[in-house]
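Line by line, the protein sequences give chains A and B. Position in the first sequence (from 1) plus 236 gives the number in this note's numbering. Position in the second sequence (from 1) plus 236 gives the number in this note's numbering.
Number of protein chains: 2
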Amino acid sequence: MTAINAAGTIIVVNRLKEKGYRITGQRQALVEQLVESEEPLSAFEIWERLRIQYKDVSLDTVYRNLHVLVDLGALIPINAMGKEGVRYELVYTSHHHHIVCVKCGQTQCIDYCPVDPHLISVLKTHGYELVRHNLQLFGVCRHCNC
Amino acid sequence: MTAINAAGTIIVVNRLKEKGYRITGQRQALVEQLVESEEPLSAFEIWERLRIQYKDVSLDTVYRNLHVLVDLGALIPINAMGKEGVRYELVYTSHHHHIVCVKCGQTQCIDYCPVDPHLISVLKTHGYELVRHNLQLFGVCRHCNC
DNA sequence: ATAAGTGCAAACTGTTTGCAGCCAG
DNA sequence: CTGGCTGCAAACAGTTTGCACTTAT
């Protein structure tokens, strides 16, 4: 694990401690997997990776810890719609959106966000103040497009 | 049913006929429910409404017909990102998105779409071909902002 | 010590599928 | 008439929950 990843783990683990959560081996290992992953992971994928270190870890524990992190605001759920369920990504990185492959369910980060001053003002004319947003992009990835 | 809704039903039904699908009572009634609905419906909600006319219609039939309409391109699946499953909206109206008030749940159509040639090309560089998309906007409406 | 966290199994939800009968074309 | 459509039941995948045991604090 790189120094930058170790730091990321510590940040998340400290947030857990602050809120009174206990740091178990499984919980810390789950955070490490999320920090080290290049892309959002599904609960099942996290489970597969955790089992290398914790051979008896259960999928339930993965789900429970994912919920804890989501409640904490440290993790955002990304819905892949269809193939495989929700994927999770830590949010200490910069703001961006994702595209999901409608065939295989893989996701990629897209460094683009539609929310600009123009959209904000359009919404204002409708009487709305924007609180949060999510751009869902669905496509076919290079691999599935053959 | 208003004249405009009747017209909407006919448009969708004709697309089904063109592709060789048969027009059963259940199928037509399902289209009518979608046309008449102000907002996207879940499979379960459609089923509830269909059962008023077709008391023995099965939920499977709802799903099967939803798939047919999605394959046809007449219906887009919208993931509510909450605990509920997928919602469906007919696409014979002009393309737009919605903003949802996080306090009262009211929605408004927003005549804005982030998908432009620039975004398409950004996605191409990621190896993705865009199939469909959905912009989810959450805000506080004029009424709730006091 | 003690309450949060865990593994197991079983329940639950939303969706899909195999089959025999039905009905639109 | 006949293949697509249907209802039924059962399977299915992803997720959640009740329980007794374990472990971090």
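Yeah, the Cβ is synthetic: ideal placement off N, Cα and C, and Gly gets one too. Keep in mind the model is a prediction, meaning the values are calculated, not measured.
Among the CB atoms of chain A, none fall inside 8 Å of the CB of residue 353/B.
With distances taken between CA atoms, residue 306/B lies nearest to 325/B out of 294/B, 292/B, 325/B and 354/B. For residue 297/A, there is no enclosing beta strand (DSSP E); the enclosing alpha helix (DSSP H) has its first and last residue at 295–308. By the CB criterion at 8 Å, residue 298/A and residue 279/A fall inside the cutoff. Put simply, the segment 251–269 of chain B does not touch the segment 356–372 of chain A. Fewer than three CB pairs are less than 8 Å apart.
In this structure residue 314/A is buried. Its beta-carbon is surrounded by 16 or more other beta-carbon atoms within 10 angstroms. Nearest to residue 255/B by alpha-carbon distance, out of 364/B, 308/B and 241/B, is 308/B.
A straight-line Cα-Cα distance of about 33 Å links residue 240/A and residue 374/B. Nearest neighbour of residue 322/B by Cα position, chosen from 276/B, 260/B and 257/B, turns out to be 276/B. Judged by DSSP secondary structure, residue 353/A falls within the alpha helix (DSSP H) whose first and last residues are 353–361. In its chain, beyond the 5 residues on either side, 309, 310, 311 and 312 have a beta carbon closer than 8 Å to the beta carbon of residue 327/A.
Counting along the chain, residue 378/B sits inside no beta strand (DSSP E), nor does DSSP assign it H or E at all.
Of all residues in the segment 351–376 of chain B, only 355, 358, 359, 362, 363, 364, 365, 366, 367, 368, 369, 370, 371, 372, 373, 374, 375 and 376 place a beta-carbon less than 7 Å from a beta-carbon of chain A.
For residue 342/A, the CB contacts under 7 Å within the same chain, skipping 5 residues up- and downstream, are 377 in chain order. Residue range 322–326 is occupied by the beta strand (DSSP E) that includes residue 323/A.
About 5 Å separates the Cβ atoms of residue 347/A and residue 332/A, confirming a contact at the 8 Å cut-off. Using a Cβ distance threshold of 8 Å, residue 274/B and residue 381/A do not count as a contacting pair.
When DSSP reads this structure, residue 336/B sits in a beta bridge with 343/B and 374/B. Using a CB distance cut-off of 8 Å, residue 287/B does not count as an interface residue toward chain A. For a Cβ distance threshold of 7 Å, residue set 363 of chain B lies close to residue 378/A, ordered along the chain. For residue 247/A, the uninterrupted alpha helix (DSSP H) run begins and ends at 239–254, by DSSP.
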